Every structure is written in structure tokens, then in C-alpha cells.
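Numbering of the sequence shown is given in the UniProt record's numbering, commencing with residue 1 and proceeding in unit increments. Built from N, CA and C at the ideal position, the CB exists for glycine as well. The model shown is predicted, which means the values in this text are computed figures rather than measured ones.
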Amino acid sequence: MQIDNLLKQINFIKEIDKLKYVQRKTKLFNSDRNENDAEHSWHLAMMTIVLAEHSDQKIDVMKVLKMVLIHDIVEIDAGDTFIYDTAKNHTNTDEELIAAQRIFGLLPKEQAEEFIGIWQEFEEGITDEAKFARSMDRLEPLLQNTSTNGGTWKEFKVPYQKVYDKKKAIKNGSSLL
């Protein structure tokens, strides 16, 4: 049983390496290179550690770290959805749920259930941890775009009001940020 779990976990670890190949639209800070999902998730984890003290509520930082590291894994199968894309829905799609079940299903049952639960909690955005995790997810591209003189916003002709509307979610996790 223990060796079976270990083999499943290693298989999952190998599978999520594919996150490095999922390209996002946002450029890296002070660069013309697009960020990938693995870089994005790592950066959100670091931001969570550094900025957790600015959460409006007392949060379980470990849970937020799990959320920001897990939330985009479904994009291995479902692909990245550009936040300003008006043609795609930004809610928990059937395609993402199928991806979550397949990818997290590689893990031992208990871990798979935990990861799916954490992913769903992030997507729902109701708990204090999910609100803070989602604020990190919105803050990072805001900082990237301001450091690249509006990089992605200019490239895709995103109107100011649309940026403003999407970034309002940051205050749900931290009124200071």
C-alpha cells in the first residue's frame, strides 16, 4: 500500500511538470517573455508568504499556499484562460472539473480528494483563505503589467475599466493591497 501510494505520488509529480509548458499571456517583470503557469504558481506562493500579514482576516497560510500552488494545475488539460478574454467563461468549467478529476486522480484517493477540495474552494472564492489566494492571483499580473508599461493590456487592447473591474477582487482578501 505504501509503495503504491508513493508510485502514484511520483506519477503525479511527473505529470504536473507539464505546468511549465502552459504559457500565460502576461509577461514576466521587466521582460518580453511570457510567464508559464509553474512560474506563476511559484510567484503566488512567494507573494503569499511575504504578504500574508496584509490579509484582512486571520488566514491559514499553509492552506493558501496549497491553493495558489494547486489552482492552475487543471490548465495542463484545460489550457490557460486569459482573464480579459470575453469569449471564454472564467468560472469553474466542466472541462476544468474533468481535468481536476484526471490529474488529481493520479494521487492516492485521500490526497486526490484533498486537492480537488482545495481547488474547488479556491474556485468558489468564499472562504477567507480563498479570498486571499484569489487576491494574490489578481495582484501578480497587475504588478507585472505595471512593470512592463501595460505590456499585456496594451498588446491585447484591454480597456482601463476592464482592468479596474477585474482587479477589484484584490480587496476581498486585503483592503490594503
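Whole-Å CB distance - residue i paired with residue j, under 8 Å assumed
i            : j           : result
histidine 54 : alanine 133 : With a Cβ gap of about 13 Å, histidine 54 and alanine 133 do not count as contacting.
Range covered by the beta strand (DSSP E) that runs through residue i
i            : result
glutamate 35 : 34–36
lysine 27    : 23–27
Selected residue, minimal CA-CA separation from residue i, among the options
i             : options                           : result
valine 22     : Gln101, Ile73 and Ser174          : Ile73
lysine 167    : Gln144, Glu155 and Thr148         : Gln144
glutamate 15  : Pro141, Ala38, Asn30 and Ser31    : Ala38
glutamate 140 : Phe104, Ile170, Ile3 and Lys18    : Ile170
lysine 131    : Glu96, Val64 and Thr93            : Val64
threonine 93  : Ile126, Glu75, Ile10 and Leu176   : Glu75
serine 175    : Glu124, Pro159, Lys157 and Ser135 : Ser135
Assigned secondary structure, residue i (DSSP; H/G/I helix, E/B strand, else coil)
i             : result
threonine 127 : coil
serine 175    : coil
methionine 67 : helix
valine 74     : coil
aspartate 56  : coil
proline 141   : helix
leucine 51    : helix
glycine 105   : coil
serine 135    : helix
threonine 148 : coil
Opening and closing residue of the alpha helix (DSSP H) in which residue i lies
i              : result
threonine 81   : Unbroken run through threonine 81: none, as it is neither H nor E.
glutamate 155  : 151–155
valine 163     : 160–167
residue 178    : Because the chain here runs from 1 to 177, residue 178 falls outside it and cannot be looked at.
isoleucine 170 : That residue, isoleucine 170, is in no alpha helix (DSSP H); it is neither H nor E in DSSP.
The region 75–82 contacting the region 23–43, beta-carbon criterion three pairs below 8 Å:
yes
Three or more C-beta pairs under 8 Å: does that hold for the region 113–125 against the region 41–52?
no
Would you call the region 148–155 and the region 49–64 touching, i.e. three or more CB-CB distances under 8 Å?
no
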